[in-house]
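Visitor: Heads up: the sequence lines are chains A and B, in that order.
For what it's worth, the working numbering labels the leading residue of the first sequence as 1, then goes sequentially.
For what it's worth, the working numbering labels the leading residue of the second sequence as 1, then goes sequentially.
Ideal Cβ positions, reconstructed from N, Cα and C, are used throughout, including at glycine.
Values in this document were obtained by computation on a predicted structure and should not be read as measured data.
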Amino acid sequence: MSTVIEVEGLFKRYGEVTAVAGVDFAVREGDVVALLGPNGAGKTTLVEMLEGYRQADSGRIEVLGYDPGSAGREFRDRIGIVLQESGIEQNLRVREAVEHYGAAYSCRLPAADLIRLVGLEEKADAKVKTLSGGQKRRLDLALGLVGDPHLVFLDEPTTGFDPSARRKSWEMVEGLTSMGKTILLTTHYLDEAQHLADRVIVLSKGRIVADGTPDSIGVGPPSTTVRFKTADPTSLPRLEAEPSVEQGKVSYQTVRPTALLHQLTGWAVEQGVELEGIEVVRPSLEDAYLSILDEEKGREDG
Amino acid sequence: MKMGDLRLVLVHIRHTNRIFWREPLAAFFTMAFPVMFLVLFGVIFDGEVRGVSFAQFFTPAIAVFAAATATFTNLAIGTAITRDEGILKRVRGTPVPPWIYMSGRILSAVWTAFLAIVLMFALGWILFDFVVVWRNVPAALLVFSVAVATFSALGLAVCSLVKTGTTAPAVANGIILPMAFLSDIFIPLEDAPSWLLVVGDVFPLKHFAAMFGRAFTPPEAAAFMGAGPVLAWDRFAVMAAWLLAGIFITMVFFRWEPRGGK
Ligand SMILES: Nc1ncnc2c1ncn2[C@@H]1O[C@H](COP(=O)(O)OP(=O)(O)OP(=O)(O)O)[C@@H](O)[C@H]1O
Ligand SMILES: [Mg+2]
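#1: Taking the straight line between their C-alpha atoms, what separation do you get for A:L46 and B:I247?
#2: Less than 8 Å separating the beta-carbons of A:L386 and A:Q135?
#3: Quick one: any contact between the region 54 to 62 of chain B and the region 110 to 129 of chain A, if contact means 3 or more CB pairs under 8 Å?
#4: Out of curiosity, what's the CA-to-CA distance linking B:T16 and B:A27?
#5: Does the Cβ of A:S106 have 16 or more other Cβ atoms within 10 Å, making it buried, or fewer, making it exposed?
#6: Look up A:A71 in the DSSP assignment and say whether it is helix, strand or coil.
#7: Could you please go through the chain and list the residues whose beta-carbon is closer than 5 Å to any non-hydrogen atom of ligand 1?
#8: Taking only runs that begin and end inside the region 246 to 279 of chain A, name each unbroken alpha helix (DSSP H) of 4 or more residues, in chain order.
#9: Does A:S86 come out as helix, strand or coil in the three-state DSSP assignment?
#10: Nearest-angstrom Cα distance between B:D5 and B:T73?
#11: According to DSSP, which residues form a beta bridge with A:A210?
#12: Does the CB of A:V219 have a neighbour CB from chain B at under 8 Å?
#13: What is the residue span of the beta strand (DSSP E) that A:R60 lies within?
#14: Near B:A70, what residues of its chain come up, given a Cβ to Cβ distance below 7 Å and the 5 sequence neighbours on each side ignored?
#15: Beta carbon of A:D155: closer than 7 Å to some heavy atom of ligand 2?
#16: So the candidates are B:N136, B:W242, B:R259, B:F181; which of them puts its Cα closest to the Cα of B:G155?
#17: Taking Cβ positions only, does B:E48 come closer than 8 Å to chain A?
#18: The beta strand (DSSP E) that contains A:K229, what's its start and end?
#19: Indicate the three-state DSSP secondary structure (helix, strand or coil) for A:T234 in the structure shown.
#20: Which residues of the region 123 to 146 of chain A have a Cβ closer than 7 Å to any Cβ of chain B? Give them in chain order.
#21: Would a check of beta-carbon distances place A:I278 closer than 8 Å to chain B?
#22: Between which two residues does the alpha helix (DSSP H) containing A:Y101 stretch?
#23: Thinking C-alpha only, which one of A:K229, A:Y252, A:P233, A:S291 is nearest A:E240?
#24: 8 Å is my cut-off, CB to CB: does A:L92 come that close to chain B?
#25: Would you be able to state if there are at least three C-beta pairs under 8 Å between the region 206 to 215 of chain A and the region 13 to 28 of chain A?
#26: Using 10 angstroms around the beta-carbon of B:K2, count the other beta-carbons present and answer buried if the total reaches 16, otherwise exposed.
#27: Regarding A:T186 and ligand 2, is the C-beta to nearest heavy atom distance less than 7 Å?
#28: I'd like to confirm something about A:Q84: is its beta-carbon nearer than 7 Å to some heavy atom of ligand 2, or not?
#29: Is B:L197 helix, strand or coil by DSSP?
#30: Interface residues of chain A around B:P97 at Cβ under 9 Å?
#31: Residues bridged to A:E121 by DSSP?
#32: Among B:F254, B:T164, B:G124, B:L107, which has the Cα closest to the Cα of B:R18?
#33: If A:V250 and A:T230 are in contact, beta carbons under 8 Å, what's the gap, nearest whole angstrom?
#34: Going straight from the alpha carbon of A:G220 to that of A:S204, what length do you get?
#35: Give the residues from the region 163 to 195 of chain B that approach chain A closer than 9 Å (Cβ to any Cβ), ordered along the chain.
#36: Over the uninterrupted alpha helix (DSSP H) stretch that includes B:F253, give me the two end residues.
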């Protein structure tokens, strides 16, 4: 499969701040890549360099075979952009906006379909200024897709969506993926990254600190947590690990959860102790993400 | 230029028009202000010289002012606000070439200027006996074309230099209103000190007003006033110089992203 985005040794500084500090990566056709990272990590700066809005200080960028900084009309005809922040004419109606912003693309999706796809059919004749924040964001999404792009950049596309709108937009993105489109999205919602992306890149202070599938991104052996409540935590046995108690909840960390559960439940039945609300928790992307950032912070401090 | 590009320019003219007329404030200032001046002047200067009504002189002058507002002021303020709102940034991410977007904005402003002139003439005719000197209409159209090009370029130049849409109205009006007083638009400057006349000559509005006004001066009055030909090349030269300056400033300083941007 061909490479759609290729970035080498990318740097971007704003005065004292180095927003992007030496980034290398490549994205292949059909990939869905989620860019994660705390506020100010450099996600928007990176994405807007790929879109051609900002010029890099040094490094090489190639997107769809173009240098975005100098590419023109054909390049923009093949990409779709949802910016983190941008405006729409307040007095335009939703349908008019979709039709107007679609006019310049050589290939465009029918306005009515697109409006239905983002769930704005009831607002199709409403003016932009009457839309709620989340509804306006959905219109942003529609305008980013109106040109039937090969490559889609989504900078925090679902910020401000209610849970059902988010689910719906996930289905939309999945629809795009099944059509073979390449997607680069940034998000602060780890469940979103986990759900949509086949690859997660974590950015911290302008550097890539982790890059892999959502499941592989946690470093070290994946340790599972067994958690429950009980009346007298002090009486608990030491199994293969010491139990830890936090806010009245007991938890064991283990890499062999089946064996641990067997021992624990055996002991509890024997002693007539109830393990209230017992749960087995696999490490989530969120845990992995937070621990990566913690580690990164520790490395800097140390 | 391809057919598709032409169609896209038309799409953008219509789009800009639509937004303009849905924004009551801009439309009000562009159309209602000159109408107000016209009516006031008509009431105050009610009379005639040698069978030619005063309206014959002030109607074209106010039409010129309306055309300058419709292009210069509107493009300066409107484009700056559009930039502040992040709309220009969005446009820049689509395949619309910058020249097509700008043509749409400019031609929409020119269309508004044309409508404003027609409105002033119609009101002048209905209310105050203004008559169109049809023989000079082609010359007037030529003057109009060069003038609106100049004022459009200058409007975009102001937009390129101001930081935000909040400062644009102060800057644009701070330029056009004094310029109007120096350009024989509101008051004839016959008795003004000569240096003031020279200052007026430096700016393009006076030459627009002079040629446009001359085009609608009936032959009998023109002879009486000793006026020269309708088209004066030195006047065109001043406008052309400002046109080039406006284009140059816009090409160098125009930004598509909100200020404080990248
Ligand atoms: N135009 C600019 N001028 C000066 N500094 C900037 C500019 N744009 C970004 N920065 C700085 O660069 C760093 C990265 O910003 P960026 O917007 O890329 O972060 P982000 O990862 O997108 O954050 P968020 O999650 O909040 O959107 C920040 O420290 C920011 O202050
Ligand atoms: Mg951002």
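Guide: Considering the structure as presented:
#1: The residue given as residue 46 of chain A occupies position 46 in the first sequence. The residue given as residue 247 of chain B occupies position 247 in the second sequence. Cα to Cα, the separation comes out at about 33 Å.
#2: Limits of chain A in this structure are 1 at one end and 302 at the other, which puts residue 386 of chain A out of reach.
#3: The region 54 to 62 of chain B makes no contact with the region 110 to 129 of chain A: fewer than 3 CB pairs, one atom from each, lie closer than 8 Å.
#4: By one-based count along the second sequence, residue 16 of chain B stands at place 16. By one-based count along the second sequence, residue 27 of chain B stands at place 27. Taking the straight line from one Cα to the other gives about 12 Å.
#5: Numbered from its first residue, the first sequence carries residue 106 of chain A at position 106. Of the other Cβ atoms in all chains shown, fewer than 16 fall within 10 Å of the Cβ of A:S106; this residue is therefore exposed.
#6: The sequence position of residue 71 of chain A within the first sequence is 71, counting from 1. Here A:A71 sits in coil by DSSP.
#7: That query returns the following residues: A:Y14, A:V17, A:A19, A:N39, A:G40, A:A41, A:G42, A:K43, A:T44, A:T45, B:K262.
#8: Whole alpha helix (DSSP H) segments, 4+ residues: 257 to 271.
#9: Here residue 86 of chain A is taken as the residue at index 86 of the first sequence, counted from 1. In the structure shown, A:S86 sits in coil (DSSP, three-state: anything other than H, G, I, E or B).
#10: As a first step, residue 5 of chain B must be located in the second sequence, where it is residue number 5. As a first step, residue 73 of chain B must be located in the second sequence, where it is residue number 73. Going from the Cα of B:D5 to the Cα of B:T73 covers about 27 Å.
#11: For the purposes of this step, residue 210 of chain A is taken as residue 210 along the first sequence, with counting starting at 1. In the DSSP output, where bridge partners are listed per residue, A:A210 has A:V202.
#12: Position 219 of the first sequence, counted from the first residue, corresponds to residue 219 of chain A. Low local confidence applies: a pLDDT of 43 at A:V219 is under 50, so the model's placement there is unreliable, and no value is given.
#13: Translated into the one-based positions of the first sequence, residue 60 of chain A becomes position 60. That run of the beta strand (DSSP E) goes 58 to 63.
#14: On the second sequence, residue 70 of chain B is found 70 positions in, with the first residue counted as 1. The beta carbon of B:A70 lies closer than 7 Å to those of T30, A109, T112, A113, A116 in the same chain, with the five residues before and after it left out.
#15: Reading the first sequence from its first residue, position 155 is the one you call residue 155 of chain A. For A:D155, the shortest C-beta to heavy atom distance toward ligand 2 is below 7 Å.
#16: Mapped onto the second sequence, residue 155 of chain B falls at position 155. With distances taken between Cα atoms, B:G155 lies closest to B:W242.
#17: Position 48 of the second sequence holds residue 48 of chain B. B:E48 does not count as touching chain A.
#18: Here the question's residue 229 of chain A lines up with position 229 in the first sequence. From DSSP, the beta strand (DSSP E) with A:K229 extends over 224 to 229.
#19: Residue numbering aside, residue 234 of chain A sits at position 234 when the first sequence is read from its first letter. Assigned with DSSP and collapsed to three states, A:T234 falls in helix.
#20: Listed by position, the residues of the region 123 to 146 of chain A near chain B (Cβ gap below 7 Å) amount to none.
#21: In the first sequence, counting from the first residue as 1, residue 278 of chain A sits at position 278. Not an interface residue.
#22: Your numbering for residue 101 of chain A matches position 101 in the first sequence. For A:Y101, the enclosing alpha helix (DSSP H) has its first and last residue at 94 to 102.
#23: Against the first sequence, residue 240 of chain A aligns to sequence position 240. Among A:K229, A:Y252, A:P233, A:S291, the Cα nearest to that of A:E240 belongs to A:Y252.
#24: The residue you call residue 92 of chain A lines up with position 92 of the first sequence. For A:L92, the closest Cβ of chain B is nearer than 8 Å.
#25: Segments in contact, yes.
#26: Counted from its first residue, the second sequence places residue 2 of chain B at position 2. A residue is called buried once 16 or more other Cβ atoms fall within 10 Å of its Cβ, and B:K2, having fewer, is exposed.
#27: Position 186 of the first sequence, counting from 1, holds the residue named residue 186 of chain A. True, at least one ligand heavy atom lies under 7 Å from that Cβ.
#28: Residue 84 of chain A sits at position 84 when you count from the first residue of the first sequence. Within the chosen limit of 7 Å, ligand 2 reaches the beta carbon of A:Q84 through at least one heavy atom.
#29: Counted from its first residue, the second sequence places residue 197 of chain B at position 197. Helix at B:L197.
#30: What you label residue 97 of chain B is simply residue 97 of the second sequence in a count that begins at 1. Simply G72, R73, A104.
#31: Counting from one through the first sequence, the residue named residue 121 of chain A turns up at place 121. Per the DSSP secondary-structure output, A:E121 pairs with nothing in a beta bridge.
#32: If you number the second sequence from 1, residue 18 of chain B lands on position 18. With distances taken between Cα atoms, B:R18 lies closest to B:L107.
#33: Counting from one through the first sequence, the residue named residue 250 of chain A turns up at place 250. Counting from one through the first sequence, the residue named residue 230 of chain A turns up at place 230. Rounded to whole angstroms, the Cβ separation of A:V250 and A:T230 is 6 Å, and the two are in contact under 8 Å.
#34: Position 220 of the first sequence, counted from the start, is the residue given in the question as residue 220 of chain A. Position 204 of the first sequence, counted from the start, is the residue given in the question as residue 204 of chain A. Unreliable placement is indicated for A:G220, whose pLDDT of 48 sits below 50; the coordinate value is still reported in the next sentence. The straight-line gap separating the alpha-carbon atoms of A:G220 and A:S204 is approximately 20 Å.
#35: The residues in question: there are none.
#36: Indexing the second sequence from 1 puts residue 253 of chain B at position 253. Annotation: the continuous alpha helix (DSSP H) that includes B:F253 extends over 233 to 253.
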